[in-house]
Amino acid sequence: MNLYEGDPIQALWEQPVWAVWMSVFAAGFLMLCIFNLMDLGYYETCSRPRRHGITRFRTVMIGDSLNLPTLALLVALFYREAGETRGWYTNGWVTWSAVAGSLMFTTHWLRSAIADSNGDWTTIPGEGINLWGWYHAIFFWSQSYILGSFFLKGIALMAYQGAQADQIFLMAGVFGGVVFHQFLAHRDSLLFPFWYKPSRDTLRVCPILPIEDYLKSEGAS
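For the sequence shown, position 219 matches number 218 in numbering that gives the first Met the number 0, and the numbering has no gaps at all.
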C-alpha cells in the first residue's frame, strides 16, 4: 500500500503535485487574505482601531504563501517516490497518532494565542479567538498533521527499507522548510518586517516591547 493510504486527507495526495501546491496555497494564504480583508472592512466600518493584520507577519506573507505549499509538494513527491510499501508505518494507528499529536500541538498553540496580551487580527486578547482565528487554527492543525505524519512515516520507511538518495533529498528539503518557518516566527516575535508600517492607533492597541521602542524612536524624530 502507499504511505498515504488511509490518510484522512488521502484525496489531497492523489492529486497531481502542482494541485497539491495550489490546494495548500488556496486553503492557507488565499483564504487568510480574504478573511483579513473582511476583518479590515469591519474595523473601517465601525471606525475602531485594528490589531495587526497579516502583513505584519513573515510567517503568513512568506511562510503561508510559499513555504508551506512547497513543503506539501515535497511531501507529495516523497509519497509518490516511495510507491507501494509494507511495514508498521502503514498501519492506521500511525496515522491517527499523528492526528492526535497535531491536535495536542494545535491546542497548545491556541492556549498561547489566547493568553497573549498582544493579540492580532485573529484573537481577542485575554478572551479567545474570533472567526478568522478559528479558521487559522484549523489550517494550522492541518499543516501540523501533514508534517507530523510525514516525518513519522518517512523516517520509519527510510530506516527499515534503506534510504534512497532522492528520499534523503526530499526529507532534508521538508526539514529545512520547517526550520525556515520557525526562523520566520522567531523574527516576527522580535521586529516588524521591513514592508510593514503600523499606524499609531494599531501600536496603541497592540503594545509589545519592540513596538514601544518604535514609538520612542518616532517621538524622538
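Just so you know, even glycine gets a beta-carbon here, dropped at the ideal spot from N, CA and C.
Three or more Cβ pairs closer than 8 Å define a contact, and the segment 9-22 falls short of that threshold against the segment 90-105.
Around the beta carbon of S111, fewer than 16 other beta carbons sit within 10 angstroms, so the residue counts as exposed.
Around the beta carbon of P7, fewer than 16 other beta carbons sit within 10 angstroms, so the residue counts as exposed. Counting the other Cβ atoms within 10 Å of the Cβ of F139 gives 16 or more, which makes it buried. Put simply, the backbone Cα of A155 is about 15 Å away from that of A164. A straight-line Cα-Cα distance of about 22 Å links M30 and V74.
Secondary structure note for T69: its alpha helix (DSSP H) is the uninterrupted segment 67-81. The DSSP-derived three-state label of T84 is coil.
Between L183 and the set L65, R57, P68, Y144, the nearest pair of CA atoms involves R57. For I8, the secondary structure class from DSSP, reduced to helix, strand or coil, is coil. By a beta-carbon distance limit of 8 Å, W131 contacts D38. Their separation comes to about 6 Å. Nearest Cα to G27 within the set T105, L109, L65, N1: L65. Nearest to S22 by alpha-carbon distance, out of L67, F179, E83, is L67. In this structure, the beta-carbon distance from L169 to L76 falls below 8 Å. At a Cβ-Cβ threshold of 8 Å, V177 and L146 count as neighbours. When the alpha-carbon of W20 is set against those of E83, Q142, S188, A158, the nearest one is in Q142.
With a cutoff of 8 Å on beta-carbon distance, N35 and I53 are scored as near each other. Closest option to I137, judged by alpha-carbon separation, among W95, L190, W108, F191: W108.
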